[in-house]
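Peer 1: Submitted below is the structure of interest, expressed as structure tokens.
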Amino acid sequence: MSAENTNAKLIYMANQIATFFQSQPANEAAQGVATHINKYWEPRMRRKLFEHIDRGGEGLNPLVLEAASKIRRPEAA
């Protein structure tokens, strides 16, 4: 799978998580996204997500961007 396809898949997955948590109270939604990603995404996936966010985060749900400060950033590869 190409890097572009991998990024598109991660964006899609992150946005699906955000869509689910948008139904939660506003003060819990970003933490819910972060907790889910921290718990279920391996470091490689989180690293790719942060690489995309660092390039501007195009296509990401604003809730994912809000949650980013609560997501554990893996060390560089």
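Counting in this note's numbering, the sequence shown runs from 1145 upward without gaps.
The C-beta atom is built at its ideal place from N, Cα and C for all residues, glycine as well.
Secondary structure at GLU1202, three-state DSSP: helix, strand or coil?
Peer 2: DSSP places GLU1202 in coil when its eight states are reduced to three.
Peer 1: May I ask which residues mark the beginning and end of the alpha helix (DSSP H) holding LYS1153?
Peer 2: Its alpha helix (DSSP H) spans residues 1147 to 1165.
Peer 1: Report the rounded CA-to-CA distance for PHE1164 versus ILE1197, giving the unit in angstroms.
Peer 2: If I take the Cα positions, the gap works out to 20 Å.
Peer 1: Note down, in chain order, each residue of its chain lying with its Cβ closer than 7 Å to the Cβ of PHE1194, except the 5 sequence neighbours on either side.
Peer 2: These residues qualify, in order along the chain: ARG1217.
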